[in-house]
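Novice: Chains as they are written, first to last, in my numbering: chain A, 94 to 207; chain B, -17 to 95.
1) Between the beta-carbon of residue 88 of chain B and the beta-carbon of residue 82 of chain B, is there less than 8 Å?
2) With a CB to CB cut of under 8 Å and the five nearest residues on each side skipped, what residues in its chain are close to residue 101 of chain A?
3) Just checking: is the beta-carbon of residue 14 of chain B within a distance shorter than 8 Å of some beta-carbon in chain A?
4) Assign residue 36 of chain B to one of two classes, buried (16 or more other C-beta atoms within 10 Å of its C-beta) or exposed (fewer than that).
5) In angstroms with no decimal places, state the Cα-to-Cα distance between residue 30 of chain B and residue 11 of chain B.
6) Excluding the 5 residues flanking residue 39 of chain B on each side, which residues of the same chain have their C-beta closer than 7 Å to its C-beta?
7) Please name the residue in A:205, A:139, A:193 whose C-alpha comes closest to that of residue 122 of chain A.
8) May I ask you to check if the CB of residue 110 of chain A is nearer than 7 Å to at least one heavy atom of the ligand HEM?
9) Helix, strand or coil: which one does DSSP assign to residue 15 of chain B?
10) Would you give the residue range spanned by the beta strand (DSSP E) that residue 62 of chain A belongs to?
11) Helix, strand or coil: which one does DSSP assign to residue 118 of chain A?
12) Drop a sphere of 10 angstroms on the beta-carbon of residue 9 of chain B, count the other beta-carbons inside from all chains shown, and report buried for 16 or more, exposed for fewer.
13) Measuring straight from C-alpha to C-alpha, what distance separates residue 103 of chain A and residue 178 of chain A?
14) At a Cβ threshold of 8 Å, is residue 44 of chain B touching chain A?
15) I'd like the list of long-range same chain contacts for residue 33 of chain B, defined as Cβ closer than 6 Å, with 5 residues on each side in sequence excluded.
16) Name, in chain order, the residues that DSSP records as bridge partners for residue 124 of chain A.
17) Are any of the Cβ atoms in chain B nearer than 8 Å to that of residue 187 of chain A?
18) Taking Cβ positions only, does residue 174 of chain A come closer than 8 Å to chain B?
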């Protein structure tokens, strides 16, 4: 069965500094990996995905993520954080070997201080 | 606007009552899912559907039923509400198994007393 781990409940960063939100995964087949963001009292919004190809993928709002197969990780990054990036971030995985289920991690709250 | 519509937005139930959470999408998406969101546990998959007439269980299906009679609608039924079902429920839809990301509804906040 596939699973996702987000080891940090909260990440604190100063505005203008780079940010990283960590994610590791486990699947039996090839991983299809996703990041979503949730602002207060809203549904989740899709940020970016990795299906195949370049290990560094770029998404919305200046976010990017790096796929590392040997470490089974898919960390979310941004070179310069904004206060408006403060939100709840979810990593998700689907088993590319024909699976239909997308499984989400527990979420990491990002707090960007001005 | 195109998207996923969930109703109601808020609901309070008494233990043992039943109800249906409605979900509709107008994007002609084949794939639809129901998740519940609980603090510290993220989103957990309840049931999903890969097309009209086809549904399957997710991670936490007990106490919930679904059906998919049309492409557009995917209602979630609580058979006999329990306090443990107090949660925020999200419906999501996608084309191509979610490879292009899911579109989420705005959620239903359910309290069971």
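Cβ coordinates follow ideal geometry from the N, Cα and C atoms, glycine included.
Treat the numbers as computed from the prediction; the structure is a model and nothing was measured.
Specialist: So, from the data block:
1) no
2) A distance below 8 Å between beta-carbons, with the five flanking residues on each side excluded, links residue 101 of chain A to the following residues of its chain, in chain order: 114, 115, 201.
3) no
4) exposed
5) 13 Å
6) 29
7) Looking at A:205, A:139, A:193, the one whose alpha-carbon comes closest to that of residue 122 of chain A is A:193.
8) With respect to the ligand HEM, the structure shown offers nothing to examine, as it has no ligands at all.
9) strand
10) The requested residue 62 of chain A does not occur in the structure, where chain A is confined to residues 94 to 207.
11) strand
12) Answer is exposed; the Cβ neighbour count stays below 16.
13) 13 Å
14) no
15) Within the same chain, residue 33 of chain B has close Cβ partners 12.
16) A:188
17) Output row for residue 187 of chain A: interface = yes.
18) no
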